[in-house]
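Numbering (the numbering used here), first residue to last: 18 to 274.
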């Protein structure tokens with residue numbers, strides 16, 4: 018059984034004391050494919066070092082997180098462009114819009130989002146999208162840009178929206194990234210996922226964040242993805258092995274690896 022973690026911050030400082038052991042635990046749990054979203058210029062070197070150490074298992078993306086979009090965002094855009102021109106990446110990410118922490122930067126977040134969507138077109142790469150308190154804003158931008166660039170595709174990372182938003186994302190040709198929130202009581206995500214075909218879903222941890230039950234509130238890590246997979250299998254009333262096989266194939270279709 019092969020599990021794929023489509024979104025994990027392996028370079029996080031929270032893993033500095035046991036990164037090798039943590040990655041080994043994930044692999045021992047069947048997680049043989051781990052995709053790393055970039056945050057900003059400060060995370061790149063560490064991410065690439067992990068790629069060098071685990072070239073068959075750990076795959077980098079290039080982009081910068083909406084919470085890192087400040088007045089100097091054009092410098093970050095330049096850094097992203099430079100790295101894309103000289104290294105192999107498997108997605109543009111983590112990009113998007115976040116209106117939970119700071120609404121005052123919405124305009125420049127949208128500018129940075131559009132520019133990075135253009136990179137996805139230029140390099141024919143999927144995008145991995147962060148949309149905290151901003152699903153509609155991100156959806157509308159993608160909808161507009163897809164009318165010109167129909168190749169835009171990817172994952173709505175950490176999807177926790179309603180069924181209408183799920184269907185909107187799928188209508189764009191995007192997958193839904195399902196993580197530990199699925200295991201939370203009263204999250205409502207189980208009711209949404211129940212109505213969505215498995216062919217539209219991928220698994221993720223967002224480690225070190227959003228650990229699934231029974232680890233909720235603790236540091237998340239790759240080996241815990243089995244709890245999300247088990248809950249998904251329970252909701253769908255199918256074997257765990259089928260969840261692993263279909264979601265991993267979905268990740269292959271997205272990342273082409």
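Cβ coordinates follow ideal geometry from the N, Cα and C atoms, glycine included. Bear in mind the structure is a predicted one, so any value in this text is a computation, not a measurement.
Unbroken beta strand (DSSP E) runs of length 3 or more, entirely within the segment 135-176: which are they?
144-147, 171-173
If you check the beta carbons only, do residue 20 and residue 47 fall under 7 Å apart?
yes
In whole angstroms, what separates the C-alpha of residue 136 from that of residue 244?
34 Å
When you compare the CB positions of residue 118 and residue 84, do they come within less than 7 Å of one another, or not?
yes
Measure the C-alpha to C-alpha separation of residue 274 and residue 108 and round it to an integer number of angstroms.
11 Å
What does the Cβ neighbour count give for residue 133, buried or exposed, with the cut at 16 atoms within 10 Å?
buried
By Cβ distance, which residues of its chain are closer than 6 Å to residue 230, with the 5 residues on each side in sequence left out?
200
How many whole angstroms separate the CB atoms of residue 111 and residue 158, which I take to be in contact at a CB cut-off of 8 Å?
So it is not a contact: roughly 16 Å between Cβ atoms.
Taking only the alpha-carbon atoms, compute the straight-line gap between residue 163 and residue 271 and give it to the nearest angstrom.
17 Å
CA-to-CA distance, residue 264 to residue 215, given in whole angstroms
7 Å
Going by DSSP, what residues sit across from residue 194 in a beta bridge?
219
Are residue 192 and residue 99 touching if we call contact CB-CB under 7 Å?
no
Simplified DSSP assignment, three categories, for residue 205:
coil
The ligand NAD heavy atom lying under 6 Å from the CB of residue 138:
For the structure depicted, the ligand NAD is absent and the ligand set is empty, with no information on it obtainable.
With 16 other CB atoms within 10 Å as the buried threshold, where does residue 205 fall?
exposed
Sorted by chain position, which residues of the same chain lie with C-beta nearer than 8 Å to residue 202's C-beta, five sequence neighbours on each side aside?
230
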